[in-house]
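K.L.:
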Amino acid sequence: MRNPMSPSEQHSQHNSTLAASPFVSNVSAARTQQSLPTDAQNDRLQQPWNRTNTATSPYQSLANSPLIQKLQANIMTPHQPSANSNSNSNSITGNVVNDNNLLASMSKNSMFGSTIPSTLRKVSLQREYKDSVDGVLRDEDNDEDVHNNGDAAANANNDRESKLGHNGPLTTTTLTTTTTATQLDVSELSAIERLRLWRFDALMQHMYRTAEYIADKVYNISNDPDDAFWLGQVYYNNNQYVRAVELITRNNLDGVNILCRYLLGLSFVKLQRFDDALDVIGEYNPFSEDPSTTAANTMSNNGNNSNTSQPVTDGGIKMESSLCFLRGKIYFAQNNFNKARDAFREAILVDIKNFEAFEMLLSKNLLTPQEEWDLFDSLDFKEFGEDKEIMKNLYKINLSKYINTEDITKSNEILAKDYKLADNVDVVRSKVDICYTQCKFNECLELCETVLENDEFNTNILPAYIGCLYELSNKNKLFLLSHRLAETFPKSAITWFSVATYYMSLDRISEAQKYYSKSSILDPSFAAAWLGFAHTYALEGEQDQALTAYSTASRFFPGMHLPKLFLGMQFMAMNSLNLAESYFVLAYDICPNDPLVLNEMGVMYFKKNEFVKAKKYLKKALEVVKDLDPSSRTTISIQLNLGHTYRKLNENEIAIKCFRCVLEKNDKNSEIHCSLGYLYLKTKKLQKAIDHLHKSLYLKPNNASATALLKNALELNVTLSLDASHPLIDKSNLMSQASKDKASLNKKRSSLAYDPVNMAKRLRTQKEIFDQNNKALRKGGHDSKTGSNNADDDFDADMELE
41 MRNPMSPSEQ HSQHNSTLAA SPFVSNVSAA RTQQSLPTDA QNDRLQQPWN
91 RTNTATSPYQ SLANSPLIQK LQANIMTPHQ PSANSNSNSN SITGNVVNDN
141 NLLASMSKNS MFGSTIPSTL RKVSLQREYK DSVDGVLRDE DNDEDVHNNG
191 DAAANANNDR ESKLGHNGPL TTTTLTTTTT ATQLDVSELS AIERLRLWRF
241 DALMQHMYRT AEYIADKVYN ISNDPDDAFW LGQVYYNNNQ YVRAVELITR
291 NNLDGVNILC RYLLGLSFVK LQRFDDALDV IGEYNPFSED PSTTAANTMS
341 NNGNNSNTSQ PVTDGGIKME SSLCFLRGKI YFAQNNFNKA RDAFREAILV
391 DIKNFEAFEM LLSKNLLTPQ EEWDLFDSLD FKEFGEDKEI MKNLYKINLS
441 KYINTEDITK SNEILAKDYK LADNVDVVRS KVDICYTQCK FNECLELCET
491 VLENDEFNTN ILPAYIGCLY ELSNKNKLFL LSHRLAETFP KSAITWFSVA
541 TYYMSLDRIS EAQKYYSKSS ILDPSFAAAW LGFAHTYALE GEQDQALTAY
591 STASRFFPGM HLPKLFLGMQ FMAMNSLNLA ESYFVLAYDI CPNDPLVLNE
641 MGVMYFKKNE FVKAKKYLKK ALEVVKDLDP SSRTTISIQL NLGHTYRKLN
691 ENEIAIKCFR CVLEKNDKNS EIHCSLGYLY LKTKKLQKAI DHLHKSLYLK
741 PNNASATALL KNALELNVTL SLDASHPLID KSNLMSQASK DKASLNKKRS
791 SLAYDPVNMA KRLRTQKEIF DQNNKALRKG GHDSKTGSNN ADDDFDADME
841 LE
């Protein structure tokens, strides 16, 4: 038998846990306060005993709760009109309360409206009450009415069900706060309600033993499923999942209270009893076609012309959406990714405020980029009322950056300028993802460091930060980061992912493989760890293990195109071009604008000698990377491959242009010089070919291709005529001109009749001959004639030589 002091309400799937909150469940207290005559209420609030009670309330710590403080009706932005600062009141209009409308004070224009009755919010010592009928403020004093109505309020607290059935006109209450003291007025609460506040306060302060002690007593007194739910919450938050299960199943509360059913499912998930959890919440959403809800809405529409087709909620996240989300988590843990995707999608469609379901679809790569945008377009942001614009932009910046990047950039600008969220971590993370996708690693690194200065271990930023450090070969920072993570979070997947990436940068593949494996075991849904683990096998040449790892990643992350891309690359390395093509097509269907996919498809068709197709995909890839960093490896690879494709198509001039564009960004690449040398050799520009081939061998002496091409170029240089502008040709022309001038001079000298130089030589020679003959005649007369003939012969010979 339930205690009449705290009767339970029958919650529906349209309610949230706010319906069971101690701040909103005791509607009778608010009704009692409103039923008092306004003059008596004024006098009662001015009584010394009431003032003393409020000042010494043991529940002052509850005043900082978001359920206690008054909230604005919407988020104020610079371009929206602000509320009147001189306004004297915030009105709360009561409505008829039934099973489907427990919070009559909930704003219908904003998700950020007030959610609790006025009697449970922070109040002041001075109030003004406005009559809902005539709107006249009454200030009369009547002490007798105060005491009489005080007794009526106490009786009303003890008979909540009768008050909930009240159908009479309600009073619109207007409160004016004239004090800054953060105090809570609990003077009008019953003993059981004060115990509930005590329980809630202890739970919020993580004093679980206190919360358990009080919650147990409250449940024994009330026997209310809502109180059982809060006792189970204490067990759950204290990691006592078995006790939470026993509490709910012992009294079959999961069949009576939807909140208890949800908590039971959560406890089973924590205990990894996924089948039991699925039995509790069901394999499918039982409320997707609820005939009772449809009938109730139909009757309501027939009885009232107002728009009541949509069920009235309490402003929190609907339990139906939460149950769908929990169902998705169970399917995801069971590796049933298709059903998990459907459950998460249903959760966000049932209640757009269930952001966690939306994030699971995106972060776990359960949707392709186009599917993400289609889901976003199907969401009804009108539920946010005046906050539609900010919430739509906040949701949009989480979408895939492979498509519609301009729209995301525009949303970032709106959030930064109009809502002053330029430094918000999620806005910065959106910019980080864009830069990382576009291979702008330096800019991405700067953005990451701005966030990590204030939040050193932000797990949403760290994966991109680690990737940037690896791409930029910043091993020192990667080393320090890995050590800090290992000391602080030794059981975190991101820690060992960082350690593995550091070893990968050192080419210590075996150590990297070990820690990538550890990271993937700690978090099987961490896609980066799975891809890194598969990369280590590919680098070691273990093709079978690499294919297995990539296939597992492809199955775990159906919306991600990278595992399929890497599978195609592995098959292409094994020269299985048909299998490679099939996986490349799958990756292309998921993400047709990824330059890596387009580049690999171009290379694959190049190897299949389908150069026209290769040219098509490589040109498209070059268009995609026009906004990327020109010095990135992706851009250089695409231009090189496109240059080789033009070379195969005998479009040599365009090929030379491609290679020279790459050379402007990277002059230290031996292969580029070798390719240019080949093209210049093919176009018979031998000297340019020889120069580039020499440069290629200078950068890489063991380049066999450059060596062979240089040998051919030198051989051709011997047989073929050189260019007219070649320096050797210019030197040859100068030497030829000098020879011609000398020959002309000699010709002029020989044409003269008398040459004094030659004549002097002849006279000198003849004189020497005569002197020798005279000496010979003196020695003997017989030999003189012979000597004279010899001399004559020698002279004739000299004359003939000249």
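All residue numbers for the sequence shown refer to my numbering, where the first residue is 41 and numbers rise by one. Idealized CB from N, CA, C, for every residue including glycine. Nothing here was measured: the structure is a model prediction, and the numbers come from that model.
(1) Please go through the same chain and pick out, in chain order, the residues whose beta-carbon is closer than 6 Å to the beta-carbon of Arg687, but skip the five residues on each side of it.
(2) With a 10 Å radius around its C-beta and 16 neighbouring C-beta atoms as the bar for buried, classify Val137 as buried or exposed.
(3) Quick test of your reading: Ile501 and Leu512, contact by CB under 8 Å. State the CB separation rounded to the nearest angstrom.
(4) Report, in whole angstroms, the separation of the C-beta atoms of Tyr556 and Thr576, which I expect to be a contact under 8 Å.
(5) Could you spell out the range, first to last residue, of the alpha helix (DSSP H) harbouring Met35?
(6) On the three-pair Cβ rule with 8 Å, is the segment 421 to 437 touching the segment 388 to 402?
(7) Going residue by residue through the segment 454 to 495, where are the continuous alpha helix (DSSP H) segments of at least 4 residues, counting only ones entirely within it?
(8) If we call anything under 8 Å between Cβ atoms a contact, is Lys504 one with Cys488?
(9) Val539 lies in the alpha helix (DSSP H); which residues open and close that run?
(10) Using the Cβ count rule (16 or more neighbours within 10 Å means buried), how would you classify Thr675?
(11) State the CB to CB distance for the pair Asn452 and Val467, rounded to an integer number of angstroms; the pair is presumed to be in contact (CB under 8 Å).
(12) Where Ala569 and Asp669 are concerned, what is the direct C-alpha to C-alpha distance, given to the nearest angstrom?
(13) Could you spell out where the alpha helix (DSSP H) holding Glu228 opens and where it closes?
(14) Got a sec? Which residues, its chain only, sit under 6 Å from Asp199 by beta carbon, not counting five neighbours each side?
(15) Do Ala255 and Arg234 have their beta-carbon atoms positioned less than 8 Å apart in this structure?
(16) Within 10 angstroms of its Cβ, does Ser202 collect 16 or more other Cβ (buried), or is it exposed?
(17) So, with DSSP's three-state summary, where would you put Cys631?
(18) Gly572 and Phe537: beta carbons closer than 8 Å?
(19) For Ser560 and Leu415, what's the separation of their Cα atoms in angstroms?
(20) Mapping DSSP to helix, strand and coil, what is Tyr577?
(21) With a Cβ-Cβ cutoff of 8 Å, do Tyr442 and Thr477 count as a contact?
(22) Would you kindly work out how many angstroms separate the C-alpha atoms of Asp563 and Lys531, rounded to a whole number?
(23) Output the distance between the C-alpha atoms of Ala552 and Met544, rounded to the nearest integer angstrom.
(24) Between the Cα of Met641 and those of Leu605, Ala589, Met400, spot the shortest distance and give me the residue it belongs to.
(25) With respect to the alpha helix (DSSP H) encompassing Met400, which residues constitute its N-terminal and C-terminal limits?
(26) Closer than 7 Å: is that where the CB of Ile630 sits relative to any heavy atom of the ligand COA?
(27) Since Val390 and Lys369 are thought to touch, with beta carbons under 8 Å apart, how far apart are those beta carbons, to the nearest angstrom?
(28) State the start and end residues of the unbroken alpha helix (DSSP H) segment that holds Leu754.
(29) Got a sec? Which residues, its chain only, sit under 6 Å from Asp707 by beta carbon, not counting five neighbours each side?
(30) Would you tell me roughly how many angstroms separate the C-alpha atoms of Ile132 and Phe365, rounded to the nearest one?
(31) Where does the unbroken alpha helix (DSSP H) through Ile730 begin, and where does it stop?
(32) Report back the beta-carbon spacing between Met614 and Gln583 to the nearest angstrom; my notes put them in contact at under 8 Å.
(33) As a quick exercise: from Asn649, Thr541, Lys647, Cys631, pick the residue whose alpha carbon is nearest that of Glu411.
(34) How is Lys517 classed by DSSP in three states: helix, strand or coil?
(35) Which residues in the same chain have their Cβ closer than 8 Å to the Cβ of Val702, if we skip the five residues on either side of it in sequence?
P.N.:
Let me lay it out:
(1) Reading the sequence shown from its first residue, position 647 is the one you call residue 687. Ala695.
(2) In the sequence shown, the residue the question calls residue 137 occupies position 97. Note that Val137 scores 37 on pLDDT, short of 50, meaning its location in the model is unreliable; the coordinates nonetheless yield the value given after this. Taking all protein chains in view, the Cβ of Val137 is crowded by 16 or more other Cβ atoms within 10 Å, so the residue is classified as buried.
(3) For the purposes of this step, residue 501 is taken as residue 461 along the sequence shown, with counting starting at 1. For the purposes of this step, residue 512 is taken as residue 472 along the sequence shown, with counting starting at 1. Not really, about 16 Å apart at Cβ, beyond 8 Å.
(4) Counting from 1 along the sequence shown, the entry for residue 556 is found at position 516. Counting from 1 along the sequence shown, the entry for residue 576 is found at position 536. Correct: roughly 6 Å between the Cβ atoms.
(5) Residue 35 lies beyond the range of the chain shown here (41 to 842); nothing can be said about it.
(6) yes
(7) 465 to 477, 481 to 492
(8) The residue you call residue 504 lines up with position 464 of the sequence shown. The residue you call residue 488 lines up with position 448 of the sequence shown. Correcting the residue type first, residue 504 is Ala in the shown sequence and not Lys. Using a Cβ distance threshold of 8 Å, Ala504 and Cys488 count as a contacting pair.
(9) On the sequence shown, position 499 is the one that residue 539 refers to. Taken as a continuous stretch (DSSP letters only), the alpha helix (DSSP H) holding Val539 covers 533 to 545.
(10) Here residue 675 corresponds to residue number 635 of the sequence shown, with the count starting at 1. Thr675 should be labelled buried.
(11) Numbered from 1 along the sequence shown, position 412 holds the residue referred to as residue 452. Numbered from 1 along the sequence shown, position 427 holds the residue referred to as residue 467. Contact holds; Cβ gap of about 6 Å.
(12) The residue given as residue 569 occupies position 529 in the sequence shown. The residue given as residue 669 occupies position 629 in the sequence shown. In a straight line, the C-alpha of Ala569 is about 26 Å away from that of Asp669.
(13) As a position in the sequence shown, residue 228 is number 188, starting the count at 1. Taken as a continuous stretch (DSSP letters only), Glu228 belongs to no alpha helix (DSSP H), as it is neither H nor E.
(14) Within the sequence shown, residue 199 is the residue found at index 159, counting from 1. Confidence at Asp199 is low in this model, with a pLDDT of 48, below 50, so its placement is unreliable and no value can be given for it.
(15) Here residue 234 is taken as the residue at index 194 of the sequence shown, counted from 1. Here residue 255 is taken as the residue at index 215 of the sequence shown, counted from 1. Cβ atoms of Arg234 and Ala255: not closer than 8 Å.
(16) For this step, residue 202 is matched to residue 162 along the sequence shown. A caution first: Ser202 carries a pLDDT of 45, below 50, which makes its placement in the model unreliable, though a value can still be read off. Burial call: exposed.
(17) Residue 631 sits at position 591 when you count from the first residue of the sequence shown. Three-state DSSP puts Cys631 in coil, outside helix and strand.
(18) Translated into the one-based positions of the sequence shown, residue 572 becomes position 532. Translated into the one-based positions of the sequence shown, residue 537 becomes position 497. Yes, the Cβ-Cβ distance between Gly572 and Phe537 is below 8 Å.
(19) Translated into the one-based positions of the sequence shown, residue 560 becomes position 520. Translated into the one-based positions of the sequence shown, residue 415 becomes position 375. Going from the Cα of Ser560 to the Cα of Leu415 covers about 29 Å.
(20) Looking up residue 577 in the sequence shown gives position 537. In this structure, Tyr577 counts as helix in the three-state DSSP scheme.
(21) Residue 442 sits at position 402 when you count from the first residue of the sequence shown. Residue 477 sits at position 437 when you count from the first residue of the sequence shown. In contact: Tyr442 and Thr477 (Cβ atoms closer than 8 Å).
(22) For the purposes of this step, residue 563 is identified with residue 523 of the sequence shown, where counting begins at 1. For the purposes of this step, residue 531 is identified with residue 491 of the sequence shown, where counting begins at 1. Straight-line Cα distance between these residues: approximately 10 Å.
(23) Start at 1 with the first residue of the sequence shown, and residue 552 comes out as number 512. Start at 1 with the first residue of the sequence shown, and residue 544 comes out as number 504. Each residue's alpha carbon lies about 5 Å from the other.
(24) Within the sequence shown, the letter at position 601 stands for residue 641. It is Leu605.
(25) As a working mapping, residue 400 is identified with position 360 in the sequence shown. Note, Met400: alpha helix (DSSP H), 395 to 403.
(26) Among the components of this structure there are no ligands whatsoever, and the ligand COA is therefore not found.
(27) Residue mapping note: residue 390 aligns to position 350 of the sequence shown, counting from 1. Residue mapping note: residue 369 aligns to position 329 of the sequence shown, counting from 1. Wrong, their Cβ atoms sit about 15 Å apart, outside the cutoff.
(28) Within the sequence shown, residue 754 is the residue found at index 714, counting from 1. Its alpha helix (DSSP H) spans residues 744 to 759.
(29) Position 667 of the sequence shown, counted from the first residue, corresponds to residue 707. Excluding positions up to five away in sequence, the list is empty.
(30) Position 92 of the sequence shown holds residue 132. Position 325 of the sequence shown holds residue 365. With a pLDDT of 36 at Ile132, under the threshold of 50, the modelled position of this residue cannot be trusted, and the question is left open.
(31) For the purposes of this step, residue 730 is identified with residue 690 of the sequence shown, where counting begins at 1. Run containing Ile730: 726 to 739, per the alpha helix (DSSP H) assignment.
(32) Locating residue 614 in the sequence shown gives position 574, counting from the first residue. Locating residue 583 in the sequence shown gives position 543, counting from the first residue. Indeed, because the Cβ distance is near 6 Å, the residues count as touching under 8 Å.
(33) Here residue 411 refers to the residue found at position 371 of the sequence shown. It is Cys631.
(34) Along the sequence shown, read from residue 1 onward, the residue named residue 517 stands at position 477. Residue state, collapsed to three classes: helix.
(35) The sequence position of residue 702 within the sequence shown is 662, counting from 1. Correct list, in chain order: Ile676, Gln679, Leu680, Gly683, Asn709, Ile712.
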